[in-house]
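Residue numbers (our numbering), protein chains in the order written: chain E, 7 to 233; chain L, 7 to 233; chain X, 7 to 233; chain D, 7 to 233; chain B, 7 to 233; chain S, 7 to 233; chain Y, 7 to 233; chain V, 7 to 233.
All residues carry an ideal CB built from backbone N, CA and C; glycine is no exception.
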């Protein structure tokens, strides 16, 4: 308890940057770029990098990504994931995480999850566009799922894929609803509800479009398993 | 148009009973028992039977069903469907309608659909509890779906079954969300949204728990095909 | 079953393109342009065309349509439907599909449905702006509905037209809620709910603005009838 | 203004009973029985009757109705409307109010509206079960609507009737959504939204199942017209 | 009935223009500009004007308004109401309609209502920014409300004004929720619900931001009264 | 901080009872009876009373109240508030809290708030049934509000009263939406939204039917003022 | 794939019982008692037990539990969890699962999770009533969380506990929203949304009141880790 | 009462400006810039300033802020709060208000609250980015909260911070949900519900992003205490 109260952080005025969470939890520090000014993002990133953290900037617009790359030598821009990672000393990758998408439009969210898990030291296998409307595509990749220790499934619209996958594998399924779709997709609510109501045990759900959260959870499960 | 204005009906005060719709559309007359008094149901049924209609009473409680059976010699109580049918001269059955359910609890709604289609003169094949959580159960009945001309799929909770089925068959799929489930199932809303957002073309949706509507539509498609 | 597992498709990395669904189901392949990059759309279209499919690109912006037309000689831009069809060998048209709209603003969705059904080999009759606020307009076209084997009705705002139409015809009605309207129209939710609660049997519903889905279903019903 | 501050009322502790509103607005005093104890209802009724008001008790259970009848000689129990009226000196009835329902189950709400308008001194014409699923029933009563000065339309489920009626008459239409229906009827929300989005001008809406409110408004319009 | 079927209208392909509704109902023809192309609006307006109708174009952008003014000599642009009226032979104005707003931001909707009522031949009195947060402002205009035969009240946010007004006047109150506000105002839903649940009898509600609908209804009530 | 970690509580297995919060915050301990077994309630109450706390049991059914009264000599049953208070050494009452209700049915919630504030040592003035539908009733009690330091307003249905009150007083208004009403009242959601969107500054809101929360807050404000 | 198609199950007509899923996934078979008849539950249980499965019956009423206990010798009734487990050969327990609740009323859901994890062969540690309103209670048990490999947190009302816990531990947190609460708790929606929006990485969510799902997931993670 | 009716205000046509509310309630006049034209804002501000009021313009865009600064010598632009204050004679500051935010993105709303309280004559202490995901940050500032007489907590996403804070302090907590977040944050609804369901007594809630409202309430409580 008193250890808790003495945990160090840096107070930037607008933000308080942890310099120990990564050690404590193994999770890279994340900066949600949306809703912050460019200056704030830069300042937080600098504090984290100086603190020795692996850093992920999510939902980062292209120009802001360029700014980060020009400042941090280890920064990498993951375009389709709308993400910048800054990771000076990558961890050795533990195999076991597989990422699936129902459709092509779910790829950005899936990539956010995949990159996150990779930065946490996981090897990630990807199979995209295997939605239930053409079941043979999923059955085709099924043998590849046998070695997975945790599967991330990103799906929008009807969000039916995680239920089907969870019935076919013996490991946890992390379901990520995406805002893909229109009309009664309601920006991902339809997929979210489908996933929460999954008839297949072993499924849990994160926020709509929350690739980062799915990646952290999957990475945690896979690394925990490997400890 | 002037034909329209001269269409006969009987005005019971509380209800106006059509004596020609069945001729016009082939659909049996339906009485939704819920929200009506016992006397009203009985009076409407009597007027319809006297008018020569095939009659379906839906959502009928057990005691009310008994009352109907004691009055109408041709009445049959379909217990699990919560339905009474009164049909003096059954039509010859045209094959082609298949009814599936995701789970055991969806059977009452599926039966309402099946009985409705049967009364309209369709032969109905049933396969229950073939939800996506155990895909092999669906794949096992898949060969039987090849001859279907229209498939009704009743599912609650995640409502994922119609999407999967529609990807596997070449005929229309009538999806019926059921109020099965709890929590974020929201009394069938989750399944309804899933079905509306189905990625598989060929799916259309009726109201939650509306087995009657699904049965009429499927019967209409199948009979229309056979004309 | 094992046939299912051997079904061929082309894996483009971001998408897996079916080269047999059309044979299997008779439905043209569709590419939802929204949420995909221009390159992805082009690549998928190319794979489909090369696979011999009839292709529909939906929700396609004007400039993207131009790109498609410049590449595919058989491509046609359906402006008001926001659609491009690529169909080298049109099917012979089976009559029987009628498309109605409640108002002028529902035309784009109705056209998406109509073009889809046409590409599937159906002759489509159109009657626009026959909403219930001026019932004589609907009654005026009523005689024309007598020959329809399936009617698509696109309506926004109060969404009342399908209920009225279904009470007047003896064939299935495919209701398409549109996002036309403002305020408590809630982007089509009001019309969607109206249609799901239709008192007239024979109505089923597809997603808001889902003209493609309505067209497929109607085409399937009409072609199935004609087989 | 100072007149306003001097308006008399009786403070019963739990309720403050107006003894002048009826004079001021012509509207009978109403007691919503639900949510009040039997004693409170009785005490309020007594104070109103002694103040010389016409009184309406709404949503009153059968036993509570009996209690009121045993105490107030002029009390009348309107069974299907779940209402008790206490009206010592009925007003002369002005013709002009017509009440329609879409179905049989909407009658209780319609009756609440009708009785309310009658107590306000309006003659009320009723036509029940004229919903849009069988349009000829509505067209059959259409000539009777020509003399209406205001039409109340009670409808549940798809709530489509007011839109159709308003397109056929030249007077205001007061739409009352009812909680009739199931599933996506959502206890009247579907009908409420339909009515709010009516394409026909001249429609306004009151709360779900609010027959009293509809009756007051219609009575006010009809009496105002007759002044 | 047969009169109904013979009612004339002009079919422009995309729209069917009534040439008799105004005679039948006294309501000016309205064109909702949003969701239509500029050409469609122009064509419909032309057909209406040639048919002799009073025309209202609502939700019309500034440039489209200019186009209409350049074509129709009698067109008037009502800027704050986002409306163009085309009315060659104005009716004589009947006094009795009063329009109130809770705040300054509700004025556009209120003006839409006021202009509509004026075009229908009503004299309209306006009092803006008399919301309940400063009750003395409302009490100050209260004496002016005594002569009103119908009051339109436009309010967003808490939507409380119609309830208060209806308790102070003896005539119908037409409540128009506006989309003014933020957060839990939910684009007018909060105000809409408040108004539907008004404790004061005599209130009815139209769609969010539906000034046109409120104006028609109020005009109808006031003119009906004056007949 | 380390003080925090050493704060004592009693672990009953199912519950952990604070024996210092009252000292720390001045708020009586509360037991929400709903959702707990009778035994759990009794055990928690006993632990609290032995710990020297003032205790409030809320939402307590009549028979459970009797059980509590039979065990605790200082227990008092507040019938209309559905509450039992156990308070051996009442505090001296500080004047300044006023509780208003819009209607008669809001009294139980208002009483819960009033009793709570009283147990915290506040004198509470009550004025019931002063809703905005009859504004003169509110204006009549207005002079009594001048001395209030904080006003609690309980209202269901349109929930308009807090906005009006807050415009008339110079102290904080604690708004409590109640589940009074039907239809679009949605169990208090309508009133809740109204209050959250109040145009009058100085209003804050607690949960639907949360009289306890309102009483605590008001008591805290009034006592804080008096310190 | 062909292995998939040959997976055995027993078809009881109303249900198809898997006899291999447990082998395949390690998850005990579950029967959701709600929505099934007593006979159906008994028949399914019998088939599962005969197939050698560990069985869990959830949401089982007291009398139905008695029936099961009278038939199956190994059946155990977990009263507060509303559950019956039938497990002839318990697995050896792997430590690592901790279950927390925010309040006393969340215990039934937490127990459902705990029993499920135990039947899967996990040792479960429980700490109840450690909600954030009294943070010292959580901090007091914090040292006990250090050894957890996965934490289940059940919370209703504000649902804030999982966010706080996930910030303090380095392992996955499975959040279970419960339907505890009233008013704007909306039967668990409030807690569900809170958890989905958790700012702390490592949190995932299951359906409202879905203790079984949480238990399966936690058990799977913990056992996977131990493999 | 008659005093009330004589309260002066200035009628600008579009707005009625109070010239006494500030005297009456101590609250500065506020102009919500959104939804008003630039001219309207300027005119209202001018009238208020001439009336001697302290003025706050909220949600003011940068260019409009510049216009105000060029006209009013005492105007100050609070950039991050999107606010302009015009205050010729600042009040002496009473200490006691503390403003917390859960994250960096909540600062604009928190600043709106802080500036408002300051203009009302309160000294405000700020601690930003102390959300529950890193509890040690909150515990670190806890000693600073001991002197607070009222705490404003702005939080988006899971909105959990106010519950935790209210369990740690003995004064009222004003919770402001912010629209920070994405997906199931639903523009602040998630945080709003969390706060309404807070298990910690002493919490009340204002509208989403309503920093002004929170500031007024807190200022009122703190100044009231100091009187």
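Item                                                                                                                                                                                      : Value
Residues of chain D with CB closer than 9 Å to the CB of residue 170 of chain S, please, in chain order.                                                                                  : What residue 170 of chain S touches in chain D: nothing, since even the nearest Cβ is about 14 Å away.
For residue 188 of chain L, which residues does DSSP report across the bridge?                                                                                                            : In DSSP, residue 188 of chain L forms no bridge with anything.
In chain E, which residues lie less than 8 Å from residue 214 of chain X when you measure between Cβ atoms?                                                                               : 188, 189, 190
What three-state label does DSSP hand residue 107 of chain X in the structure shown?                                                                                                      : strand
Closer than 6 Å by C-beta to residue 7 of chain D: which residues in its own chain qualify, once you throw out the five before and the five after it? Chain order, please.                : Interpretation of residue 7 of chain D is limited by its pLDDT of 48, a score under 50 that renders its predicted location unreliable; the figure taken from the coordinates is listed afterwards. Nothing listed; no residue qualifies.
Is the shortest distance between the beta-carbon of residue 24 of chain B and the beta-carbons of chain S less than 9 Å?                                                                  : no
Check the DSSP bridge columns for residue 24 of chain E and list the partner residues they point to.                                                                                      : E:15
What does the Cβ neighbour count give for residue 165 of chain E, buried or exposed, with the cut at 16 atoms within 10 Å?                                                                : buried
Establish whether the CB of residue 86 of chain E and some CB of chain Y are separated by less than 9 Å.                                                                                  : no
Nearest chain S C-beta to residue 143 of chain D closer than 9 Å, yes or no?                                                                                                              : no
Work out the CA separation of residue 192 of chain E and residue 2 of chain V for me, nearest whole Å.                                                                                    : Because chain V is modelled from 7 through 233, residue 2 of chain V falls outside the range shown and cannot be assessed.
Name the DSSP beta bridge partners of residue 172 of chain X, please?                                                                                                                     : In the DSSP output, where bridge partners are listed per residue, residue 172 of chain X has none listed.
Mind reading off the beta-carbon distance from residue 222 of chain Y to residue 107 of chain Y? Whole number of angstroms is fine, and I expect it under 8 Å.                            : In fact, because the Cβ distance is near 18 Å, the residues do not count as touching under 8 Å.
List the whole-angstrom C-beta distance separating residue 33 of chain L from residue 61 of chain L, where the pair is believed to meet the contact cut-off of C-beta under 8 Å.          : So it is not a contact: roughly 11 Å between Cβ atoms.
If the cut-off is 8 Å on Cβ atoms, which residues from the segment 32-46 of chain D count as contacting chain S, listed in chain order?                                                   : 38, 40, 41, 42, 46
Taking the alpha-carbon of residue 78 of chain Y as reference, which of Y:87, Y:125, Y:94 has the nearest alpha-carbon?                                                                   : Y:94
Assuming residue 212 of chain Y and residue 179 of chain Y make a contact with CB atoms under 8 Å, what is their CB distance in whole Å?                                                  : Contact flag wrong, Cβ pair sits at about 12 Å.
Assuming residue 137 of chain X contacts residue 174 of chain X under a Cβ cut-off of 8 Å, what Cβ separation, rounded to an integer in Å, is found between them?                         : Not really, about 14 Å apart at Cβ, beyond 8 Å.
Using the rule of at least 16 other Cβ atoms within 10 Å of the residue's Cβ for burial, across every protein chain shown, is residue 153 of chain Y buried or exposed?                   : exposed
Going by DSSP, what residue range makes up the beta strand (DSSP E) through residue 214 of chain Y?                                                                                       : Per DSSP, residue 214 of chain Y belongs to no beta strand (DSSP E) and is neither H nor E.
Tell whether a beta-carbon distance below 9 Å holds between residue 50 of chain L and residue 86 of chain L.                                                                              : no
Thinking C-alpha only, which one of D:110, D:71, D:84, D:37 is nearest residue 21 of chain L?                                                                                             : D:110
Would you tell me roughly how many angstroms separate the C-alpha atoms of residue 184 of chain D and residue 18 of chain S, rounded to the nearest one?                                  : 49 Å
Excluding the five sequence neighbours on either side, which residues of its own chain have a C-beta within less than 8 Å of the C-beta of residue 150 of chain S, listed in chain order? : 104, 131, 133
Quick one: grab the DSSP three-state call for residue 89 of chain D.                                                                                                                      : strand
Here's a check: name, in chain order, each residue in its chain whose Cβ is nearer than 8 Å to the Cβ of residue 177 of chain E, leaving out the five neighbours to either side.          : 154, 155, 156, 157, 208
Could you tell me the alpha carbon to alpha carbon distance between residue 118 of chain E and residue 63 of chain E, rounded to whole angstroms?                                         : 10 Å
Using a Cβ-based criterion (distance less than 8 Å to any ligand heavy atom), does residue 62 of chain S qualify as near the ligand MN?                                                   : The ligand MN is not part of the structure shown, which contains no ligands of any sort.
Residues in its own chain within less than 6 Å of residue 277 of chain E by CB, not counting five upstream and five downstream?                                                           : Nothing can be reported for residue 277 of chain E: it is not among the residues displayed for chain E, which extend from 7 to 233.
Could you say which of L:70, L:41, L:24 lies nearest to residue 55 of chain L if we only look at CA atoms?                                                                                : L:24
Indicate whether residue 65 of chain Y and residue 83 of chain Y have their beta-carbon atoms separated by less than 9 Å.                                                                 : no
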